[in-house]
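Residue numbers (my numbering): 409 to 511. Cβ coordinates follow ideal geometry from the N, Cα and C atoms, glycine included. So the structure is just underneath, and the comments pick up after that.
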Amino acid sequence: MEVFLARQPIFDKKKNVYAYELLFRAGIQNFYTPNVDGDYATSNVISNSFFIIGIDKVTQGKPAFINFTKNLILSDAPSSMPKDLVVVEILETVEPEENIINA
Numbered sequence: 409m410e411v412f413l414a415r416q417p418i419f420d421k422k423k424n425v426y427a428y429e430l431l432f433r434a435g436i437q438n439f440y441t442p443n444v445d446g447d448y449a450t451s452n453v454i455s456n457s458f459f460i461i462g463i464d465k466v467t468q469g470k471p472a473f474i475n476f477t478k479n480l481i482l483s484d485a486p487s488s489m490p491k492d493l494v495v496v497e498i499l500e501t502v503e504p505e506e507n508i509i510n511a
């Protein structure tokens, strides 16, 4: 089974790796396919990084920034993520509506 995932480093002001943004990749070409459903992409990133590869191997003990869609935010999916390991990143396409802010 082949598993694909992109890991983008996030640096602090001293240029040390602070965290990694984890991104969906559909294959070895290493690019995002825009026609992929956002819920699927996020679920795939979580599944691959936590259950198949192992989050410690992916992030080397650093926080993981993971994009969440409106759907997943409202489904309360972010609350199931370990707070010490995951930073919820809200996609730029998500409008700051009251139900999103309260979630």
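Review point. What's the gap between the Cα of ASP492 and the Cα of ALA414?
Key: One-based indexing of the sequence shown puts residue 492 at position 84. One-based indexing of the sequence shown puts residue 414 at position 6. For ASP492 and ALA414, the distance between alpha carbons rounds to 21 Å.
**Study point:** Within 7 Å, strictly: CB atoms of SER455 and ILE463
**Key:** Position 47 of the sequence shown, counting from 1, holds the residue named residue 455. Position 55 of the sequence shown, counting from 1, holds the residue named residue 463. Contact: no.
Practice item. Could you tell me which of ALA472, ASN507 and GLU505 sits nearest to PRO490, measuring between CA atoms? Key: As a first step, residue 490 must be located in the sequence shown, where it is residue number 82. The shortest Cα separation from PRO490 among ALA472, ASN507 and GLU505 belongs to ALA472.
Review point. Is it a yes or a no for the stretch 443 to 453 touching the stretch 415 to 428, going by three-plus beta-carbon pairs under 8 Å?
Key: no
**Study point:** Under 7 Å between C-beta atoms of GLY516 and PHE459
**Key:** The structure shown does not extend to residue 516, since the chain spans only 409 to 511, so no value can be given for it.
Practice item. Identify which residue in GLU506, ALA511 and LYS478 has its Cα closest to the Cα of ASP526. Key: Within the shown structure, residues of the chain are numbered from 409 to 511, placing residue 526 beyond reach of any answer.
Check your understanding: What whole-angstrom Cβ distance do VAL466 and LEU430 have, given they're in contact under 8 Å?
Key -> To locate residue 466, count along the sequence shown from 1; it is residue 58. To locate residue 430, count along the sequence shown from 1; it is residue 22. With 8 Å as the limit, VAL466 and LEU430 qualify as a contact, their Cβ atoms being about 7 Å apart.
Check your understanding: Can you list, in chain order, the residues of its chain whose CB lies under 7 Å from that of ASN507, leaving out five sequence neighbours each side?
Key -> The residue you call residue 507 lines up with position 99 of the sequence shown. For ASN507, where only same-chain residues beyond five positions count, the Cβ hits under 7 Å are LEU482.
Point to revise | Under the three-state DSSP convention, the category LEU480 falls into | key: Taking the first residue of the sequence shown as 1, we reach residue 480 at position 72. LEU480 falls in the helix class under three-state DSSP.
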